[in-house]
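Engineer: Please read through the structure below; I'll follow up with questions.
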Amino acid sequence: MPMKKPSRNDFMSRIDQRVGKSTRHSARQMSRRSMLTRLGQLLVGTALVPVLPVARASGPVRVPEIGDPQSCDYWRYCAIDGYLCSCCGGSSSSCPPGAEPSPVTWVGTCENPVDGKRYIISYNDCCGKAECGKCFCNRNEGDRPVYYPPKSNDINWCVGTKSNAYHCSTAVVVGLDED
Amino acid sequence: MPFRLFLFCLLFVMHPLRADITTETLKVEEFNGAGPHGILVMNFENKAEIYDADTGALHGQISLGYGANYVEIDRHNKQFHVAETYLSRHTRGERTDVVSSYSFRNLSSEQEVMIPAKHSSGSPIRSYSGISGDGRFMLVNNITPAMSVSVVDLKRAAFIGEIATAGCGLVYPVGKRDFLQLCGDGRMQLISLDKTGKEASRTHSEKFFEMEQDPVMEKAVKTDAGWIFMTFKGQLFLVSASRDAQIAIKPLFTLDAEMAGWRPGGLQPIAYHQPSHSLLVLMHEGGDDTHKDPGTEVWLFDLTSQRLLHRQKLEQIASAIEVSQDENPLIYTLFIGSETLDIYDLRKGRKIRSIEGLASAPTFVMNL
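Chains A and B, in that order, are what the protein sequence lines are. Okay, so the first sequence: first residue is 1 according to the numbering used here, each after it adds one. Okay, so the second sequence: first residue is 180 according to the numbering used here, each after it adds one.
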């Protein structure tokens, strides 16, 4: 009898429904400047990271939006691994009430389907509460192994926080990839 | 007193009934192994469940702390060792990291050594910990994101120290007291310990892979000849260390050499069968960024001839694989999104049974 070949979407869907994750990334709803400062510390700390070509806008830039932030298909989630804070009382760029953002994080690069540009996404985690358990999502565009921390979505980024308990993950736009 | 009289009469009436049964005494079982195909299954619920793969019987559970990645099986001392985190108030409070040693006999903790409160956690990675070849030291990887390794003397139940590993991470034990690490610059690092567990020396290999183009996965297996690593695209490398602390890296073959378009993937995508010197890999059809996708088939490779011997289609996709180490091996597969473990007879080429009802989100399966 021919087997049903699971597609990648099947995999995502099944993972979404079933899988819990004990820990992952960390989060802080911080200013872009603060974010870049922290990122800079991370780069120095690991001595491994390529310099990221983050565009510094001279004024506020509105990122064109499309899609559902509670869906794993949302464009910013191209390299996320965790429960979506959008489903947990927060948003793609904010932690749920009382959750603690972590001061360090990792970054990915996702294409925005509206303008076709690639944006640098900071996958900050929110910490200090039990796992949210809602809307698990794992996509791995550009993900690298854990021994290369700045590009790995497998690491519990709830470090440098009062608690390393992982709650959920965000996807904060921190710049434009002009590479 | 009427009520006391009633109770007395009730006991008198019941007495003959009680005499007809053999009363029981509550006792506690001891763990005496789980048969020739005993397996240990880990999961995101911080439990390690022990099953007999021949009968499907659950023989017991080790209750683990937060962030427990992998249970190191110490057959010599009949203990399980694992790095864990405990928070004093469940999701808050003081953090304590320990290496706990659980007894084979009762699957309970019988030794605990405190380590720096920063052991790696997140998606489970088998090589976040390891035991030195002489069985003396437990090595625990830290990522803060600066990387280091905590060394614990299991014999003295003492924390020895922390070794900064600067750009390299994970633990792949070799020799008596050495361990290899993967580095973000495409090299490997070898750290040698002295008899006390302190760093004695470190060396690096030449660069042998490109992080951006085709990185080496963290998921590897140890063979008699050394560790076998694979890249995202399926290129295999055999990595070993000589007694004079030199790292040897030998390219082997590409997994999809005979069938293009297939890649390895999963949490535990590779297993080694020592008696036949063969390799089993979870494979799926896919391209870039599918390195964590589950396998739809198991591919069996003969490492001596470096040829693909067999493709086993899976009835359920799998994110983890292990193989029993006997002459007629069983393949164990599980998928993180299912509570079912499937057991295949490798020689018959078919599934022979399943174990249902695993704790949710199973991650690893290993031979006991």
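In this text, a Cβ means the ideal position worked out from N, Cα and C, and glycines have one as well. This structure is a prediction, so every number in the text was calculated from the model and none was measured.
So what's S86 of chain A in DSSP terms, helix, strand or just coil?
Structural biologist: In the first sequence, residue 86 of chain A corresponds to position 86, counting from 1. It is helical.
Engineer: Leaving out five residues on either side along the sequence, give the residues of the same chain with a beta carbon under 6 Å from the beta carbon of V331 of chain B.
Structural biologist: By 1-based counting over the second sequence, the position of residue 331 of chain B is 152. For V331 of chain B, where only same-chain residues beyond five positions count, the Cβ hits under 6 Å are V278, V292, M317, F338.
Engineer: For P2 of chain A, which residues of its own chain have a beta-carbon under 7 Å away from its beta-carbon, when the five flanking residues on both sides are left out?
Structural biologist: As a working mapping, residue 2 of chain A is identified with position 2 in the first sequence. Low per-residue confidence applies at P2 of chain A: pLDDT is 35, beneath 50, and the placement is therefore not dependable enough to give any value.
Engineer: Distance check for Y230 of chain B and G212 of chain B, CA to CA, integer angstroms please.
Structural biologist: Walking along the second sequence from the start, residue 212 of chain B turns up at place 33. Walking along the second sequence from the start, residue 230 of chain B turns up at place 51. So the alpha carbons of these two residues sit roughly 9 Å apart.
Engineer: Between the alpha carbons of H216 of chain B and L493 of chain B, how many angstroms are there, rounded?
Structural biologist: By one-based count along the second sequence, residue 216 of chain B stands at place 37. By one-based count along the second sequence, residue 493 of chain B stands at place 314. Each residue's alpha carbon lies about 20 Å from the other.
Engineer: If you draw a straight line from the C-alpha of C362 of chain B to the C-alpha of Q414 of chain B, how long is it?
Structural biologist: Within the second sequence, residue 362 of chain B is the residue found at index 183, counting from 1. Within the second sequence, residue 414 of chain B is the residue found at index 235, counting from 1. C-alpha separation (whole angstroms): 17 Å.
Engineer: Measuring CB to CB, does S92 of chain A end up less than 7 Å from T105 of chain A?
Structural biologist: Within the first sequence, residue 92 of chain A is the residue found at index 92, counting from 1. Within the first sequence, residue 105 of chain A is the residue found at index 105, counting from 1. Not in contact: S92 of chain A and T105 of chain A (Cβ atoms no closer than 7 Å).
Engineer: Tell whether a beta-carbon distance below 7 Å holds between L372 of chain B and T382 of chain B.
Structural biologist: As a position in the second sequence, residue 372 of chain B is number 193, starting the count at 1. As a position in the second sequence, residue 382 of chain B is number 203, starting the count at 1. Contact: no.
Engineer: Which of the three DSSP states is assigned to W75 of chain A in this structure?
Structural biologist: Stepping through the first sequence from its first residue, residue 75 of chain A is reached at position 75. In the structure shown, W75 of chain A sits in a helix (DSSP, three-state: H, G or I).
Engineer: Residues of the stretch 149-164 of chain A in Cβ contact with chain B at a cutoff of 9 Å, in chain order, please.
Structural biologist: Answer in chain order: P149, P150, K151, S152, N153, D154, I155, N156, W157, C158, V159, G160, K162, S163, N164.
Engineer: To which residues of the same chain is K386 of chain B closer than 6 Å at the C-beta, ignoring the five residues directly before and after it?
Structural biologist: By one-based count along the second sequence, residue 386 of chain B stands at place 207. The answer, listed in chain order, is G365, R366.
Engineer: Using beta carbons (cut-off 7 Å, strictly below), is P180 of chain A in contact with chain B?
Structural biologist: This structure cannot settle anything about residue 180 of chain A, because the visible part of chain A is limited to 1 through 179.
Engineer: Grouping DSSP H, G and I as helix and E and B as strand, with all else coil, what is G45 of chain A?
Structural biologist: Taking the first residue of the first sequence as position 1, residue 45 of chain A is located at position 45. In this prediction, G45 of chain A has a pLDDT of 35, which is less than 50 and means its spatial position is unreliable; nothing more can be read from the coordinates.
Engineer: Beta-carbon of R144 of chain A versus every beta-carbon of chain B: anything under 7 Å?
Structural biologist: Translated into the one-based positions of the first sequence, residue 144 of chain A becomes position 144. At least one chain B Cβ lies under 7 Å of R144 of chain A.
Engineer: Starting from S300 of chain B and walking both ways along the beta strand (DSSP E), at which residues does that stretch end?
Structural biologist: As a working note, residue 300 of chain B is residue 121 in the second sequence. Element bounds for S300 of chain B: n/a, residue is neither H nor E.
Engineer: Specify the secondary structure class of P101 of chain A as computed by DSSP and reduced to three states.
Structural biologist: Residue 101 of chain A sits at position 101 when you count from the first residue of the first sequence. It is a strand residue.
Engineer: Is the distance from the Cβ of C72 of chain A to the Cβ of C168 of chain A below 7 Å?
Structural biologist: The count along the first sequence starts at 1 and reaches residue 72 of chain A at position 72. The count along the first sequence starts at 1 and reaches residue 168 of chain A at position 168. No, Cβ-Cβ distance for C72 of chain A and C168 of chain A is not below 7 Å.
Engineer: Please state the DSSP three-state secondary structure of K129 of chain A.
Structural biologist: Locating residue 129 of chain A in the first sequence gives position 129, counting from the first residue. Looking at K129 of chain A - three-state DSSP - the assignment turns out to be coil, as it is neither helix nor strand.
Engineer: In terms of alpha-carbon separation, which member of A:G67, A:N153, A:S152 lies closest to E111 of chain A?
Structural biologist: Stepping through the first sequence from its first residue, residue 111 of chain A is reached at position 111. Closest by alpha carbon: A:G67.
Engineer: Quick one: what's Q360 of chain B bridged to in DSSP?
Structural biologist: On the second sequence, residue 360 of chain B is found 181 positions in, with the first residue counted as 1. For Q360 of chain B, which the question treats as bridged, DSSP gives the partners B:Q368.
Engineer: For the beta strand (DSSP E) containing M390 of chain B, name the first residue and the last one.
Structural biologist: Here residue 390 of chain B refers to the residue found at position 211 of the second sequence. Taken as a continuous stretch (DSSP letters only), M390 of chain B belongs to no beta strand (DSSP E), as it is neither H nor E.
Engineer: Is the CB of V54 of chain A under 7 Å away from at least one CB in chain B?
Structural biologist: If you number the first sequence from 1, residue 54 of chain A lands on position 54. Below a pLDDT of 50, predicted positions are generally treated as unreliable, and V54 of chain A, at 39, falls in that range; no measurement from the model is reported.
Engineer: Out of curiosity, what's the CA-to-CA distance linking G89 of chain A and A436 of chain B?
Structural biologist: Residue numbering aside, residue 89 of chain A sits at position 89 when the first sequence is read from its first letter. Residue numbering aside, residue 436 of chain B sits at position 257 when the second sequence is read from its first letter. Between G89 of chain A and A436 of chain B, the C-alpha separation is close to 48 Å.
Engineer: Using a Cβ-Cβ cut-off of 7 Å, state whether G301 of chain B counts as contacting chain A.
Structural biologist: For this step, residue 301 of chain B is matched to residue 122 along the second sequence. Output row for G301 of chain B: interface = yes.
Engineer: Give me the Cα-Cα distance between V114 of chain A and D472 of chain B, rounded to the nearest whole angstrom.
Structural biologist: Your numbering for residue 114 of chain A matches position 114 in the first sequence. Your numbering for residue 472 of chain B matches position 293 in the second sequence. About 28 Å.
Engineer: In the DSSP output, which residue or residues are listed as bridge partners for E228 of chain B?
Structural biologist: Locating residue 228 of chain B in the second sequence gives position 49, where the first residue counts as 1. BP columns for E228 of chain B point to B:V220, B:Q240.
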